[in-house]
DNA sequence: TCCGAAAAATTGGCATACCAAATACCAACA
DNA sequence: TGTTGGTATTTGGTATGCCAATTTTTCGGA
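Chains as they are written, first to last, in the UniProt record's numbering: chain U, 1 to 241; chain L, 1 to 241.
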């Protein structure tokens, strides 16, 4: 067997149980630009003004100290992800979602998370579920001051993310994370009203109980209805456009 | 009113019923490369050999008659989409999903489609649901010859896509389409066995009945279980790695 | 024949330059 | 003063070239 074949085999898969991942090396400008842009978009009040938010390639490349090429690649990725939209001769703009789109996202989220709850009742360990209860006590939403909207929002999302992790499906986690990103962006507007917090807390507790009881149907339904209520709330009480 | 304002108004929105959309312009090399690569990947028997399938930037740019730059942007997009993975000094490889990942995809699909079914019972028109029945009759899966695996697979997916469209959520449609892409790639292996066709057909019929009855819970459950059975089937009877 | 080191070739990341389309600007004319 | 035609500028798309990290090949010595 030639040396080449041996090397090739090593890389294919670790039949020896030792999978060698190429170390991250030094991050490329492309990834750095991607991260920087996403970070910037995250902390941007997208729905603050109604003016289109434009980005300029050359400007960005100067700020980041790189050429346009890696920036363009990063933009292409974010465009694929649905966060940006590049229009020729017009600029790169941050995509603003319509209320209808946000509602669809929350509905999709409800679908994924309710499935996660179902799977969690079948797969999560008792210990893992117990941790969820701990998290619940620690960040008891009803205790958060009524004016700390962001904190409420964060704690809320933390609970949901923890729940999704219980499913053991990294895909569900990844997909919902993406949805959270968009939904989170309108938290200023949604005013995720604090009077919903009480309801949220009790909902969450009910969900935990259902998980502990390993009641798949009930857990699924509770999660679904809980999130669909948010969708309905946004539909009825949020004005974006 | 000045001429300029008239023109401006015309472009804003067609209150005169004439909406002028900016013409698509000529597709950029970037989009063409993206489409070409995706097309190529689609018709590639990804799980045919166990050898890593490598792509070469320079080779691709020559074939497409463009420079490396737009190809690299297209690759960056496909990488973001999870279809490719570019490793420095090693090449661009088509991502091969593990069985576990495929199963997770089918579970996510089940989540999204069952939600679509629920929404469809609330939103789809009787006519739209009726069309689903038409489609079902036309492509009655039980009639497809037992050796036409691809045809079965296509008809199957067509039914599911039609169902999802009934929900009216373009997001659910987009997300599942992405999942279908990956699941479809293993159709040769899954042998989506034809003996499952009979079951599939009756399942589909039941689903249609539930939709017609506007029974949200039942429609949701039928769709979920139907797809989760596929996940279980893949889990138990498919060997990828 | 085998091994290892050095040289050569690959290859992806990045910078730069150029181009064409589209807009902004401006001056001349009605 | 307002419109118009043309020019300057901006900006995204693409091509090209260089570089550094790696891999592959070569080749001399054991």
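We treat Cβ as the ideally placed atom computed from N, Cα and C, and that holds for glycine.
Could you have a look at residue i and say whether DSSP puts it in helix, strand or coil?
i              : result
residue 106(U) : helix
residue 85(U)  : strand
residue 238(L) : coil
residue 44(L)  : coil
residue 93(U)  : strand
residue 67(L)  : coil
residue 231(L) : helix
residue 217(L) : helix
residue 223(L) : helix
Using a Cβ cut-off of 8 Å, pull out every chain U residue sitting near residue i, in sequence order please.
i              : result
residue 175(L) : 108 and 175
residue 122(L) : What residue 122(L) touches in chain U: nothing, since even the nearest Cβ is about 11 Å away.
Near residue i, which residues of its chain fall below 6 Å by C-beta distance, leaving aside the five closest residues on each side in sequence?
i              : result
residue 168(U) : 123
residue 226(L) : 203
residue 110(U) : 224, 227 and 228
residue 117(L) : 219, 220 and 223
residue 135(U) : 162
residue 30(L)  : 70, 73 and 74
Since residue i meets chain U, which of its residues come closer than 9 Å, beta carbon to beta carbon?
i              : result
residue 172(L) : 104, 107, 108 and 111
residue 101(L) : 170 and 171
residue 49(L)  : Residues of chain U passing the Cβ test: none, with the nearest at roughly 11 Å.
Within a Cβ cutoff of 7 Å, which residues of the same chain sit near residue i, ignoring the five residues on either side of it in sequence?
i              : result
residue 79(L)  : 85 and 86
residue 250(U) : Nothing can be reported for residue 250(U), as the shown portion of chain U is limited to 1 through 241.
residue 165(U) : 173
residue 121(L) : 211, 214, 215, 216 and 219
residue 97(U)  : 182
residue 206(U) : 222
residue 61(L)  : 67, 68 and 71
residue 176(U) : 109, 112, 113 and 164
residue 33(L)  : 64, 66, 70, 71 and 74
Taking 7 Å as the cut-off, is the C-beta of residue i nearer than that to any heavy atom in the ligand FMN?
i              : result
residue 218(U) : In terms of ligand content, the structure shown is empty, and the ligand FMN therefore cannot be addressed.
Check the Cβ of residue i against every Cβ in chain L and list those closer than 7 Å, keeping chain order.
i              : result
residue 240(U) : Those do not exist, as residue 240(U) stays about 16 Å from chain L at its closest Cβ, beyond 7 Å.
residue 61(U)  : Ordered by position in chain L, no residue passes the 7 Å Cβ test against residue 61(U), which lies about 14 Å from the chain.
residue 200(U) : None at all; the shortest Cβ gap to chain L is about 21 Å.
Name the chain L residues that come within less than 8 Å of residue i, Cβ to Cβ?
i              : result
residue 119(U) : 107
residue 93(U)  : In chain order: nothing, as chain L lies at least about 14 Å away.
residue 98(U)  : Result: empty, since nearest Cβ-Cβ is about 11 Å, beyond 8 Å.
In chain L, which residues lie less than 9 Å from residue i when you measure between Cβ atoms?
i             : result
residue 53(U) : Those within 9 Å of residue 53(U) in chain L number zero; the least Cβ separation is about 19 Å.
residue 44(U) : Ordered by position in chain L, no residue passes the 9 Å Cβ test against residue 44(U), which lies about 20 Å from the chain.
Using C-beta distances below 8 Å, list every residue in its chain close to residue i, excluding the 5 sequence neighbours before and after it, in chain order.
i             : result
residue 99(U) : 234, 235, 238, 239, 240 and 241
residue 21(L) : Only weak support exists for where residue 21(L) lies, its pLDDT of 45 falling under 50; the value from the coordinates is given anyway. The answer is none, since no qualifying residue turns up.
Residue i touches chain U at which residues, Cβ-Cβ below 7 Å?
i             : result
residue 31(L) : Going along chain U, no residue has its Cβ under 7 Å from residue 31(L), so there is no contact; the nearest lies around 10 Å.
- Message: Tell me which residues of the region 126-139 of chain L have at least one Cβ-Cβ distance to chain U shorter than 7 Å, keeping chain order.
- Response: none
- Item | Contact list for the region 65-80 of chain L against chain U, Cβ threshold 9 Å | 69, 72, 73, 74, 75, 76, 77, 78, 79 and 80
- Check each residue of the region 154-167 of chain L: if its Cβ is closer than 8 Å to any Cβ of chain U, include it; give the result in chain order. none
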